[in-house]
Amino acid sequence: MKIPRKGTEMSEKFSFSLNATDGAARSGVISTPRGDIRTPAFMPVGTAATVKAMMPESVRATGADILLGNTYHLMLRPTAERIERLGGLHKFMNWERPILTDSGGFQVMSLAELRKLTEEGVTFKSHIDGSKHALTPERSMEIQRMLGSDIVMCFDECPALPADRARIAESMRLSMRWADRSREAFGDRPGHALFGIMQGGLEQDLREESAKALTDIGFDGYAVGGLAVGEGQEAMFGCLDYAPGYLPVDKPRYLMGVGKPDDIVGAVKRGIDMMDCVLPSRSGRTGQVFTRRGVINIKNARHAEDPRPLDAECSCPACSSYSRAYLHHVFRANEMISGMLLTWHNLHYFQDIMQGMRDAIAAGSFDAWEAEFHAGRAQGDIAPI
RNA sequence: GCCGCCUUAGCUCAGUUGGUUAGAGCACUGGUUUGUGGAACCAGGGGUCCCCCGUUCAAGCCGGGGAGGCGGUA
């Protein structure tokens, strides 16, 4: 279904316009003063003010419109105050396009050993030097403002799954109270967006309750949090079959921390507009390569004399100019170019998937595109010559 | 020639007063990675403990002989 596009190339305000839908899948544009974000969008993760092993211009060359930054890591090093004094995160890291910052809430889960959780917020010890720090909704909003984030995330708590229903409910309701405080602390900042984060685990009624709490507050976009934390793809898709439906049609929907290529495709199919994941960059540094024919592990001996590119249909620098044999060699030799080229390829491939889905949704052919996507993977990597 | 030291996994090496199935790092073969504490982590294969003889219930370890290597010395 075609929808007239309302966004402009360089808006003074933050806005979202849907251009087309195909089933539950949507494509559109998020407009910000720092540039447009084509949706569905994949956001590379640049935790410590860098997408590891990548120059910002290279990240852009893969097709990324927006990056992720991280409140928790940047507040500890080099500190939000220093980044603010140096002109903000965009200037600091040489990325002038939009940046979304995580609120630090996820680290409440991933750094569980260090934390102390109260109604007020969380206190924890730095993994760097053991110093004590506190994060509250108010402090998280302040840090993300100092960083200059374009899309600010509410401070939330993300429980690991599986967890019992009482724990999920208690955690979700705390996150909703924090969302209210985040909204209040964020205030009115034209050109900047604040996203709420739905929680509720795999409990449909809790997801609905969470969505209602968030929409009552009112946000510029809505994230589905608390997935891809150990529940498995089937359970995650089960949740995504209903969760996006509880969110406003006219606001971006962001699935946090997802995922593998088939996770991403399945999420878009179910109405998700934005995603982020460390997988393409982390896997790139550790030898795992995502291709149209599935995953290959470049360190495997079978690639040692293979003159072919990683992915014959990919136009990234790694696939255009280097053989699997070379990439195998530089990985095994611990050469830095290995992480650079493999990360570049993975990010490029993820962006190719996104572009393919955007085009397919606009053309009303998402199902055919998806069938081709899965057929390529089912074919598997072709044996070495 | 003589003196000293050394010989244990592909490589570099641990191995206690003799005591279960001889270990580590690297290398090798695979695997894992989902809002990055990760160029990380996990698992696996791989041994005539230089050889022979002896002592002992039991030898990588103790004794004797031999082979090879390194260093010193005439």
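Here the first sequence is numbered in my numbering, starting from 660 and rising by one per residue.
Every residue gets a Cβ at the ideal spot worked out from N, C-alpha and C, and that includes glycine.
Note that the structure is a prediction, hence the values are computed from the model and not measured.
**Message:** So, does the segment 759 to 774 touch the segment 682 to 689, judging by three or more C-beta pairs under 8 angstroms?
**Reply:** no
**Prompt:** Between the beta-carbon of A679 and the beta-carbon of I1020, is there less than 7 angstroms?
**Reply:** yes
**Asked** Is the Cβ-Cβ distance between P939 and F845 less than 7 angstroms?
**Response** no
**Request:** Return yes when the Cβ of S799 is within less than 7 angstroms of the Cβ of F783, no when it is not.
**Result:** no
**Prompt:** Between R848 and Y901, which are expected to be in contact by the criterion C-beta below 8 angstroms, what is the C-beta distance as a whole number of angstroms?
**Reply:** Not a contact, Cβ separation roughly 32 angstroms.
**Nearest to A963 (by Cα), restricted to the options D970, C978, S979, V989** = V989
**Asked** With a cut-off of 8 angstroms, do at least 3 Cβ pairs link the segment 895 to 912 to the segment 928 to 947?
**Response** yes
**Request:** Take G998 and list the residues in its own chain whose beta-carbon comes closer than 8 angstroms to its own, dropping the five residues that flank it on each side.
**Result:** K711, A712, G943, R944
**Prompt:** Would H851 pass as a contact of D909 if the rule is Cβ separation under 7 angstroms?
**Reply:** no
**Per-residue burial, E740 [other beta carbons within 10 Å of its own, 16 or more giving buried]** = exposed
**Residue closest to I827, alpha-carbon to alpha-carbon, out of D875, E862, C973** = E862
**Message:** I'd like to know if the segment 725 to 741 and the segment 784 to 803 are in contact, where contact means that at least 3 CB-CB pairs between them fall below 8 angstroms.
**Reply:** yes
**Item:** C-beta contact flag for G884 and I856 at 7 angstroms
**Value:** yes
**Asked** Do I725 and P692 have their C-beta atoms closer together than 7 angstroms?
**Response** no
**Asked** So, using beta-carbon positions, are L820 and G889 closer together than 7 angstroms?
**Response** yes
**Message:** Classify F703: buried if its beta carbon has 16 or more other beta carbons within 10 angstroms, exposed otherwise.
**Reply:** For clarity, residue 703 is Pro in the given sequence; the question names Phe instead. The residue is buried, with at least 16 neighbouring Cβ atoms inside 10 Å.
**Item:** As assigned by DSSP and simplified to three states, the class of Y881
**Value:** strand
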